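So the sequence lines, in the order shown, correspond to chains X and P. Counting from 1, position 47 in the first sequence corresponds to residue 47 in full-length UniProt numbering; the numbering is continuous, with no gaps. Counting from 1, position 373 in the second sequence corresponds to residue 373 in full-length UniProt numbering; the numbering is continuous, with no gaps. No residue lacks a Cβ here, since even glycine has one placed at the ideal position from N, Cα and C. Keep in mind that this is a model prediction, so the values were computed, not measured.
Number of protein chains: 2
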Amino acid sequence: MKRAHLLVVGVYLLASCRAEEGLKFPTYDGKDRVVSLSEKNFKQILKKYDLLCLYYHEPVSSDKVAQKQFQLREVVLELVAQVLEHKNIGFVMVDAKKEAKLAKKLGFDEEGSLYVLKGDRTVEFDGEFAADVLVEFLLDLIEDPVEIINNKLEVQAFERIEDQIKLIGFFKNEDSEYYKAFQEAAEHFQPYIKFFATFDKGVAKRLSLKMNEVDFYEPFMDEPIVIPNRPYTEEELVEFVKEHQRPTLRRLRPEDMFETWEDDLNGIHIVAFAEKSDPDGYEFLEILKQVARDNTDNPDLSILWIDPDDFPLLVAYWEKTFKIDLFKPQIGVVNVTDADSVWMEIPDDDDLPTAEELEDWVEDVLSGKINTEDDDDEDEDDNGNDDGDNDNSDEEDNDDSDDDDDE
Amino acid sequence: MKRAHLLVVGVYLLASCRAEEGLKFPTYDGKDRVVSLSEKNFKQILKKYDLLCLYYHEPVSSDKVAQKQFQLREVVLELVAQVLEHKNIGFVMVDAKKEAKLAKKLGFDEEGSLYVLKGDRTVEFDGEFAADVLVEFLLDLIEDPVEIINNKLEVQAFERIEDQIKLIGFFKNEDSEYYKAFQEAAEHFQPYIKFFATFDKGVAKRLSLKMNEVDFYEPFMDEPIVIPNRPYTEEELVEFVKEHQRPTLRRLRPEDMFETWEDDLNGIHIVAFAEKSDPDGYEFLEILKQVARDNTDNPDLSILWIDPDDFPLLVAYWEKTFKIDLFKPQIGVVNVTDADSVWMEIPDDDDLPTAEELEDWVEDVLSGKINTEDDDDEDEDDNGNDDGDNDNSDEEDNDDSDDDDDE
Numbered sequence: 001m002k003r004a005h006l007l008v009v010g011v012y013l014l015a016s017c018r019a020e021e022g023l024k025f026p027t028y029d030g031k032d033r034v035v036s037l038s039e040k041n042f043k044q045i046l047k048k049y050d051l052l053c054l055y056y057h058e059p060v061s062s063d064k065v066a067q068k069q070f071q072l073r074e075v076v077l078e079l080v081a082q083v084l085e086h087k088n089i090g091f092v093m094v095d096a097k098k099e100a101k102l103a104k105k106l107g108f109d110e111e112g113s114l115y116v117l118k119g120d121r122t123v124e125f126d127g128e129f130a131a132d133v134l135v136e137f138l139l140d141l142i143e144d145p146v147e148i149i150n151n152k153l154e155v156q157a158f159e160r161i162e163d164q165i166k167l168i169g170f171f172k173n174e175d176s177e178y179y180k181a182f183q184e185a186a187e188h189f190q191p192y193i194k195f196f197a198t199f200d201k202g203v204a205k206r207l208s209l210k211m212n213e214v215d216f217y218e219p220f221m222d223e224p225i226v227i228p229n230r231p232y233t234e235e236e237l238v239e240f241v242k243e244h245q246r247p248t249l250r251r252l253r254p255e256d257m258f259e260t261w262e263d264d265l266n267g268i269h270i271v272a273f274a275e276k277s278d279p280d281g282y283e284f285l286e287i288l289k290q291v292a293r294d295n296t297d298n299p300d301l302s303i304l305w306i307d308p309d310d311f312p313l314l315v316a317y318w319e320k321t322f323k324i325d326l327f328k329p330q331i332g333v334v335n336v337t338d339a340d341s342v343w344m345e346i347p348d349d350d351d352l353p354t355a356e357e358l359e360d361w362v363e364d365v366l367s368g369k370i371n372t373e374d375d376d377d378e379d380e381d382d383n384g385n386d387d388g389d390n391d392n393s394d395e396e397d398n399d400d401s402d403d404d405d406d407e
Numbered sequence: 001m002k003r004a005h006l007l008v009v010g011v012y013l014l015a016s017c018r019a020e021e022g023l024k025f026p027t028y029d030g031k032d033r034v035v036s037l038s039e040k041n042f043k044q045i046l047k048k049y050d051l052l053c054l055y056y057h058e059p060v061s062s063d064k065v066a067q068k069q070f071q072l073r074e075v076v077l078e079l080v081a082q083v084l085e086h087k088n089i090g091f092v093m094v095d096a097k098k099e100a101k102l103a104k105k106l107g108f109d110e111e112g113s114l115y116v117l118k119g120d121r122t123v124e125f126d127g128e129f130a131a132d133v134l135v136e137f138l139l140d141l142i143e144d145p146v147e148i149i150n151n152k153l154e155v156q157a158f159e160r161i162e163d164q165i166k167l168i169g170f171f172k173n174e175d176s177e178y179y180k181a182f183q184e185a186a187e188h189f190q191p192y193i194k195f196f197a198t199f200d201k202g203v204a205k206r207l208s209l210k211m212n213e214v215d216f217y218e219p220f221m222d223e224p225i226v227i228p229n230r231p232y233t234e235e236e237l238v239e240f241v242k243e244h245q246r247p248t249l250r251r252l253r254p255e256d257m258f259e260t261w262e263d264d265l266n267g268i269h270i271v272a273f274a275e276k277s278d279p280d281g282y283e284f285l286e287i288l289k290q291v292a293r294d295n296t297d298n299p300d301l302s303i304l305w306i307d308p309d310d311f312p313l314l315v316a317y318w319e320k321t322f323k324i325d326l327f328k329p330q331i332g333v334v335n336v337t338d339a340d341s342v343w344m345e346i347p348d349d350d351d352l353p354t355a356e357e358l359e360d361w362v363e364d365v366l367s368g369k370i371n372t373e374d375d376d377d378e379d380e381d382d383n384g385n386d387d388g389d390n391d392n393s394d395e396e397d398n399d400d401s402d403d404d405d406d407e
């Protein structure tokens with residue numbers, strides 16, 4: 001660990017050096033908290049902590065860029081370890097070559113990944129490798145896997161969560177064997193999917209839950225799917241969630257963004273950019289939700305919604321890579337292997353496409369009529385029959401009259 | 001600039017080194033983009049950019065810690081400059097000693113501050129000095145100062161913004177002199193306070209806006225204040241906003257957290273922690289809103305709501321400094337000079353205080369009955385008549401029966 005520290009001790013973080021008491025951002029204090037794992041110290045370390053966070057890395061090479069990357073990640077981990085020092089979480093590095101046997105035993109297969117051991121479970125972190133994202137991920141992981149809903153206001157809170165998958169079950173009490181199965185199932189998906197439960201008849205009635213029933217809510221859908229054949233075993237619940245895990249419309253989240261990006265359909269993503277806090281973005285998102293609700297039974301459709309506010313550092317990169325303006329809503333198709341893309345023509349953000357127009361466009365994407373390859377020749381030959389990369393020319397020919405019923 | 005770079009080139013940022021196309025976090029490329037400002041190059045640089053971002057710093061000292069801090073900030077600025085390279089924003093450093101004359105001319109008075117020149121306006125940034133926060137701040141600053149509301153869905157979006165001050169005006173059209181005054185006023189507060197306008201009669205009717213009227217919405221209040229004596233000049237609008245800028249309940253935001261923290265009342269803040277995405281936190285926030293609505297006319301009351309999700313890196317620091325558990329809602333009084341604090345006793349997060357109980361507590365704080373000093377002796381003498389720092393013992397004696405009407 002020493003070499004890395006010589007270079008970067010105290011350099012990270014961003015740290016406001018203001019003197020105000022009550023708002024002090026942490027700076028790395030230079031103390032070594034992240035240790036190298038070996039077969040020798042493994043058992044002892046595992047016993048010591050409630051949670052063990054393992055960074056599984058390729059052998060540190062002599063390549064300078066790779067070294068910097070590695071040191072960077074090490075400092076991020078050190079800072080996270082420092083910040084969470086009182087939470088009984090261990091942090092270790094696992095060298096893929098030196099500790100190949102141990103890694104195999106632990107089931108690690110992707111170098112550069114971060115794994116967390118919690119009891120007999122292994123959770124993979126596949127999100128933005130930043131201190132704040134990691135801290136929040138770990139804090140979520142040490143909370144109870146099931147959140148209890150006790151009263152009307154908490155039902156409201158539950159109902160307001162619309163941008164992620166959620167499950168809720170109604171059980172007799174905490175000792176119910178079905179509640180226990182539900183808890184065990186929740187642990188499989190913690191912290192990525194939220195599980196709620198109630199023991200309150202009033203709450204159950206408001207949510208139309210029968211005893212021992214669990215409802216599954218897809219993001220942005222008003223009506224849940226009642227999981228069939230209650231009561232359920234842990235395995236049945238886990239299987240159901242796994243089968244329904246890819247929604248029609250989902251929000252890209254820092255904590256599992258890479259996993260989501262890898263979960264493409266036939267090598268592409270339909271990506272929609274909309275800033276929810278902006279009136280145009282909000283409006284576009286409402287239209288997207290409508291499209292998702294109308295097509296929730298189509299297994300070939302999964303739209304990825306990105307709120308630029310969640311990724312300020314990527315906004316400029318996306319604008320350059322996709323040649324679009326992210327001050328207004330956008331929807332397009334992105335090829336995940338080369339980031340080639342085509343985008344729907346939205347001439348004016350005061351005149352967004354209707355749900356019907358969006359559905360037609362989506363259909364053209366799914367049928368292959370709109371795709372990322374068709375315009376490539378055009379770009380190179382510069383035929384000049386349209387003004388650039390914004391759209392597939394088919395689109396323009398078909399949809400001349402999109403001025404009418406926007407409201 | 002060179003010295004700093006030798007140490008930290010490429011060390012910042014966090015950067016995921018994944019190879020997925022479409023999600024590449026930026027790493028600093030080592031190129032110098034931030035320049036030192038002097039009277040010589042000032043005019044030329046100012047002319048070159050739409051926006052000029054100036055870091056006004058004390059002379060770099062020989063103290064190692066101060067040097068590191070300075071270098072850190074420099075790298076953050078370099079990364080921000082790199083990311084926003086195509087947006088025509090300039091980034092400069094202003095040495096407080098070397099360029100004292102220039103700084104005075106520019107009206108800079110707080111060393112360590114970041115100022116942004118936009119036309120003839122100077123905007124001070126007093127938030128978290130992190131690349132993502134800064135990028136978002138600057139992107140917000142180059143957007144139009146007024147957002148136009150065109151239709152029903154956008155009204156919905158407008159109505160959903162409840163956690164910050166917002167203004168909306170109804171004007172004849174873009175050429176209206178009153179709209180222009182409104183735009184000018186908006187620029188005084190951009191990007192901290194959102195200004196909206198509509199030219200649509202239907203929208204105006206829905207929001208009960210008369211022609212040339214501007215309504216001011218305090219955070220979390222259902223009903224706006226109609227600014228009196230329309231139509232208004234720019235100065236009248238600016239004055240009104242300045243007078244009403246401190247709300248009864250406000251959310252701590254990364255982009256102006258230090259400014260907010262400095263805006264204490266008699267050296268204290270009433271601070272409430274509530275995680276909005278959590279059912280208990282949501283419930284507590286609803287109760288807080290109730291208290292705020294009931295007391296909106298009390299100029300001595302300003303509650304600071306902190307959502308721990310907005311500040312993952314500060315959670316552990318707050319837990320240690322304030323000796324509280326942030327997995328559940330908390331409300332307390334914090335002395336801003338020494339961060340000494342007392343917290344309301346909330347024995348069980350399934351049994352949160354009612355709005356009435358909270359109001360009683362707030363009254364005791366405002367009257368000085370509950371304060372951060374009373375328990376200090378107790379702590380030192382360790383009289384042992386209560387279990388720690390959680391509360392003022394007065395509180396415990398008075399409120400034995402808080403088990404009843406929570407729902």
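Residue-level contact check: Tyr-282 (chain P) touches chain X, since one or more beta carbons of chain X fall below 8 angstroms from its beta carbon. When only Cα atoms are considered, Val-135 (chain X) and Val-80 (chain X) end up about 6 angstroms apart. Proximity of chain X to Ser-61 (chain P) at the Cβ level (cut-off 9 angstroms) is not reached, the minimal Cβ distance being about 12 angstroms.
Remark: three or more beta-carbon pairs, one from each stretch, lie closer than 8 angstroms, so the stretch 325-337 of chain P and the stretch 270-287 of chain P are flagged as touching. The C-beta separation of Leu-102 (chain X) from Leu-52 (chain X) comes to about 13 angstroms, leaving the pair out of contact by the 8 angstroms criterion. No Cβ of chain P is located within less than 8 angstroms of the beta carbon of Ser-36 (chain X). The criterion of a C-beta distance shorter than 8 angstroms is satisfied by Ile-148 (chain P) and Thr-198 (chain P). With a threshold of 8 angstroms between beta carbons, Gly-332 (chain P) makes no contact with chain X. For Ala-157 (chain X), the secondary structure class from DSSP, reduced to helix, strand or coil, is helix.
If only uninterrupted alpha helix (DSSP H) runs of at least 4 residues are considered, those enclosed by the stretch 152-223 of chain P are 152-160, 177-189, 201-206. Counting C-beta atoms within 10 angstroms of its own C-beta, His-269 (chain P) has 16 or more neighbours from the protein chains shown and is therefore classed as buried. CA-to-CA, the gap between Ser-38 (chain P) and Lys-47 (chain P) works out to about 14 angstroms. DSSP, read as helix, strand or coil, puts Asn-88 (chain P) in coil. Spatial neighbours of Asp-50 (chain P) in its own chain (CB-CB distance under 6 angstroms, excluding positions within 5 residues in sequence) are listed in chain order as Asn-88. Here Glu-21 (chain X) is not near Thr-248 (chain P), since their CB atoms are 8 angstroms or more apart. Phe-125 (chain X) has X:Leu-114 as its beta-bridge partners, per DSSP.
Those residues of the stretch 326-360 of chain X placed with their C-beta closer than 7 angstroms to a C-beta in chain P are Phe-327, Val-334, Val-336, Thr-337, Asp-338, Ala-339, Asp-350, ordered along the chain. Residues are counted here when their Cβ sits less than 7 angstroms from a Cβ of chain P; for the stretch 131-147 of chain X these are Ala-131, Asp-132, Val-135, Glu-136, Leu-139, Glu-143, Glu-147, given in chain order. A direct Cα-to-Cα measurement between Asp-350 (chain X) and Pro-191 (chain P) gives close to 22 angstroms. Beta-bridge pairing by DSSP links Met-344 (chain P) to no other residue. Runs of alpha helix (DSSP H) with 4 or more residues, each lying fully within the stretch 228-274 of chain X, are found at 234-243, 257-262, listed in chain order. If you check the CB distance, Glu-143 (chain P) and Glu-184 (chain P) do not come in under 8 angstroms.
Three or more Cβ pairs drawn from the stretch 286-304 of chain X and the stretch 218-231 of chain X lie within less than 8 angstroms of each other, which places the two stretches in contact. Using beta-carbon distances, Pro-228 (chain X) does not count as an interface residue toward chain P, since no partner is under 8 angstroms. Neighbours of Asn-173 (chain P) across chain X, judged by C-beta separation under 9 angstroms, do not exist; the nearest C-beta is about 14 angstroms away. It is roughly 11 angstroms from the alpha-carbon of Val-34 (chain P) to the alpha-carbon of Val-94 (chain P). Contact between the stretch 148-162 of chain X and the stretch 203-212 of chain X is present: three or more C-beta pairs spanning the two stretches fall below 8 angstroms.
Sorting P:Glu-319, P:Arg-246, P:Phe-129, P:Ser-61 by C-alpha distance to the C-alpha of Pro-254 (chain P) places P:Phe-129 at the top.
When secondary structure is reduced to three states using DSSP, Val-365 (chain P) falls in the helix class. At least one C-beta of chain P is nearer than 8 angstroms to the C-beta of Glu-128 (chain X). Contacts with chain X (Cβ-Cβ distance below 7 angstroms) from the stretch 18-32 of chain P involve Arg-18, Glu-20, Glu-21, Gly-22, Leu-23, Lys-24, Phe-25, Pro-26, listed in chain order.
Under DSSP, Asp-32 (chain P) takes part in no beta bridge, so it has no partner. Of all residues in the stretch 296-325 of chain P, only Pro-308, Asp-309, Phe-311, Pro-312, Leu-313, Leu-314, Val-315, Ala-316, Tyr-317, Trp-318, Glu-319, Lys-320, Thr-321, Phe-322 place a beta-carbon less than 9 angstroms from a beta-carbon of chain X. In the structure shown, Asn-295 (chain X) falls within a coil segment according to DSSP collapsed to helix, strand and coil. Here DSSP, grouped into helix, strand and coil, assigns Asp-310 (chain X) to helix. Contact note: Asn-212 (chain X) does not reach chain P at a C-beta cutoff of 9 angstroms; the least C-beta distance is about 21 angstroms.
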